[in-house]
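One line per chain: the protein sequences are A and B, in this order.
Numbering-wise (the numbering used here), the first sequence opens with residue 1 and increments by one.
Numbering-wise (the numbering used here), the second sequence opens with residue 247 and increments by one.
Just so you know, even glycine gets a beta-carbon here, dropped at the ideal spot from N, CA and C.
To start, the structure itself, in structure tokens.
There are 2 protein chains.
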Amino acid sequence: MLLNSVKAALIDKQLMSPQYGYTLEQLMELAGLSCALAINKEYQRISATSSPKIFIIAGPGNNGGDGLVCARHLKILGWNPTVYYPNAERLCQKQPFYSSLVKTLEEMYDIKVIKNTLELDVLQKYLDEQKYVVDSIFGFSFKPPIKKGVYSDIIEKLAQNQHNFKTISIDSPSGWDVDNGPIVSENGLKLDPDMLISLTYPKLCSKFLKPEASHYCGGRFISEKFAKKFGIIPLNYEPGSLIIKL
Amino acid sequence: MLLNSVKAALIDKQLMSPQYGYTLEQLMELAGLSCALAINKEYQRISATSSPKIFIIAGPGNNGGDGLVCARHLKILGWNPTVYYPNAERLCQKQPFYSSLVKTLEEMYDIKVIKNTLELDVLQKYLDEQKYVVDSIFGFSFKPPIKKGVYSDIIEKLAQNQHNFKTISIDSPSGWDVDNGPIVSENGLKLDPDMLISLTYPKLCSKFLKPEASHYCGGRFISEKFAKKFGIIPLNYEPGSLIIKL
């Protein structure tokens, strides 16, 4: 079974309600960690040397925050991440926790965080150097049509270049309709990730992944009791594991 | 090499400084998670069936908070925890985040949290039923002598009964001097844990563990650069691992 966008939003809201008591900091930490663990499990084995480069594109909301946390844990696990965080200054003012996440990346881990919005030819140069790109632009709360602007440009660029690297989407492929799947741009392009890491539970759009794509779930935030209450069949995680390959 | 208590406190303060940007919620989440992973790795294999019982004793400060998070992740990993959290009401008023942690335990996971202070014979009955007890009473900021009262009573009870279960201490064995090791009570008792999970980095007192004790480290909060700045030799974690057995 798969979650629709309404139920995904409801579950997220419930988790952070006074009844269940999770904080954004906790959920984001565990979500980003599980993304890093999944990426490390899927690709570390086939990387020839240690410290493979990886480019994380962080969007304006909590999906972007998950990407920031993911970048930190990737570094801890031996990767060499660069973070692209357009409009960082404005976003960090709006949500001070994003600012803390960026501080830890820069000051503790010397991770380069690109905080201005790149010209498309500069973004192209970055993409030309990558074997792995993490799409943490939009998550389960995104609703098409996408607004013309920096994020639609980035997604278009990603779609144009996606055959040159592994594209890894967090929670849902950016620009997709969470319930109905891929959206083709007016230039006939769509993002088609090689890997998806669903958080909490897979969404409807995951059934539109290409057959050869890897699909993981992470973010073990809900109990069996809670799952039942929401009509969800619990995933069968292996003992001791924080992620599951579906 | 091992950390003394002054350096441990300084590092903790630095992590949550505006420069490095970690929040208490993040650090506690990752610390408690690594404790659960270490316990699960060390003991899950020798437990005959799934859902082994485990009793977590949470103290008044952040070491207690680590224990609360550890209890949740143990449940997620298939254990059956009961939490003993004396003075819970007062502590949760002082630090609302502890209250959130308790809410998640109770409401999401149906974990029993004993929030009043147990009579010693009632505590004895709980201890009589355990094969695993987690000591998350005091951490690196504890300074002996211990004040006579509920926590000294609990530690004494633990020491009396420790041969009947596995005692697992978080960060430092409770009641010990973080720099100089075990403190023998006036009744001639001392806590002598079977397992220690050091957080961030092992403290001086860890060299006084009994030879057969297991020693893990978790809480990968610091970079190699930061470690060097504090004169610490980074631990050699296995690829992809959040914990290390020392």
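Handout entry: Start and end residues, beta strand (DSSP E) containing A:C217
Key = S214 to G218
Exercise for the section: Under the assumption that A:I170 contacts A:M1 (Cβ atoms under 8 Å), give the Cβ distance between them as a whole number of angstroms. Expected result: The pair is not a contact, with the Cβ atoms about 21 Å apart (cut-off 8 Å).
Handout entry: Contacting residues, own chain, Cβ-Cβ under 7 Å from A:E153 (five flanking each side not counted)
Key = Correcting the residue identity first, residue 153 of chain A is Asp in this sequence and not Glu. Excluding sequence neighbours, A:D153 sits near L120.
Exercise for the section: Quick one: which residues of the segment 26–38 of chain A get their C-beta closer than 8 Å to a C-beta of chain B? List them in chain order. Expected result: Near chain B, meaning a CB-to-CB distance below 8 Å, the residues of the segment 26–38 of chain A are Q26, E29, L30, L33 and L37.
Practice task
Would you check if there are 3 or more beta carbon pairs closer than 8 Å linking the segment 130–145 of chain A to the segment 87–107 of chain A?
Solution key: no
Exercise for the section: Report the rounded CA-to-CA distance for A:L209 versus A:D128, giving the unit in angstroms. Expected result: 24 Å
Practice task
Return the CA-CA distance between A:I155 and A:S174, expressed in angstroms with no decimal places.
Solution key: 7 Å
Exercise for the section: Express the C-alpha separation of B:I489 and B:G278 in angstroms, rounding to a whole number. Expected result: About 11 Å.
Problem - Minimum Cβ-Cβ distance from A:D334 to chain B less than 9 Å - result: Given that chain A is displayed from residue 1 to residue 246, the structure contains no residue 334 of chain A and the question cannot be resolved.
Exercise for the section: Sort A:Y98, A:G188, A:G219 and A:P81 by Cα distance to A:G61 and report the nearest one. Expected result: A:Y98
Problem - beta strand (DSSP E) segment containing A:Y84, residue limits - result: N80 to Y84
Practice task
Consult DSSP for A:K178 and reduce its assignment to one of helix, strand or coil.
Solution key: Here the sequence assigns Val to residue 178 of chain A, which means Lys is not the residue at that position. Looking at A:V178 - three-state DSSP - the assignment turns out to be coil, as it is neither helix nor strand.
Practice task
List the residues of chain B whose Cβ lies closer than 7 Å to the Cβ of A:T104, in chain order.
Solution key: Y266, G267 and Y268
Problem - Proximity winner among B:T446, B:K361 and B:H461, relative to B:R275 (alpha-carbon distances) - result: Note that residue 275 of chain B is Glu in the sequence shown, not Arg. Here the closest residue by C-alpha is B:T446.
Practice task
Would you grab the beta carbon distance between B:L283 and B:G477 for me? Rounded to a whole angstrom, and I think it's under 8 Å.
Solution key: Contact doesn't hold; Cβ gap of about 28 Å is too wide.
Problem - Sequence-distant residues of the same chain with beta carbon closer than 8 Å to A:A9, five excluded per side - result: F140 and S141
Practice task
Using a cut-off of 9 Å between C-beta atoms, extract the partners of B:I300 located in chain A.
Solution key: Residues of chain A passing the Cβ test: none, with the nearest at roughly 15 Å.
Handout entry: A:E25 versus B:Q272 - alpha carbon distance
Key = 6 Å
Handout entry: B:T269, DSSP secondary structure in three states
Key = coil
Problem - Contiguous alpha helix (DSSP H) assignments of at least 4 residues, all confined to the segment 350–412 of chain B - result: 366–374 and 396–407
Exercise for the section: Could you please give me the residues that DSSP links to B:S444 through a beta bridge? Expected result: B:C463
Exercise for the section: Pull up the DSSP beta-bridge partners for A:K203, would you. Expected result: A:L3
Exercise for the section: Pick out whichever of A:G78, A:A58, A:S34 and A:L68 has its Cα sitting closest to the Cα of A:Q44. Expected result: When each option's Cα is compared against that of A:Q44, the closest is A:G78.
Practice task
Apply the 10 Å Cβ neighbour rule to A:E186 and answer buried if 16 or more other Cβ atoms are within range, or exposed otherwise.
Solution key: exposed
Exercise for the section: Look at the alpha carbon of B:H319 and the alpha carbon of A:D66, and state the distance between them as a whole number of angstroms. Expected result: 20 Å
Practice task
With a 10 Å radius around its C-beta and 16 neighbouring C-beta atoms as the bar for buried, classify B:S444 as buried or exposed.
Solution key: buried
Exercise for the section: Pull up the distance between the alpha-carbon of B:P327 and that of A:D192, whole angstroms please. Expected result: CA-CA distance, B:P327 to A:D192, rounds to 42 Å.
Exercise for the section: Just confirm the distance between the C-beta atoms of A:N63 and A:I137, as a whole number of angstroms; I'd bet it's less than 8 Å. Expected result: 7 Å
Problem - Test: B:G324 CB closer than 9 Å to a CB of chain E - result: Looking for chain E here will not work: the only protein chains present are A and B.
Problem - Within 9 Å of chain A by C-beta, residues of the segment 312–345 of chain B in sequence order - result: V315, H319, K321, I322, L323, G324, F343 and S345
Problem - Within chain A, partners of B:P485 - CB distance below 9 Å - result: Per Cβ cutoff of 9 Å: N40, Q44, S50, L77 and G78.
Exercise for the section: Would you kindly work out how many angstroms separate the C-alpha atoms of A:P211 and A:L118, rounded to a whole number? Expected result: 33 Å
Problem - Option nearest B:Y268 by Cα separation, candidates A:L91, A:L235, A:D12 and A:P96 - result: A:P96
Handout entry: Nearest-angstrom beta carbon gap, B:H461 and B:L442 [assumed within contact, 8 Å]
Key = 5 Å
Handout entry: Cut-off 6 Å between Cβ atoms - residues of its own chain near B:V424, not counting five sequence neighbours on either side
Key = S251, F386, S418, K449 and C451
Handout entry: Continuous alpha helix (DSSP H) stretch holding B:I479: start and end
Key = No alpha helix (DSSP H) contains B:I479, which DSSP labels as neither H nor E.
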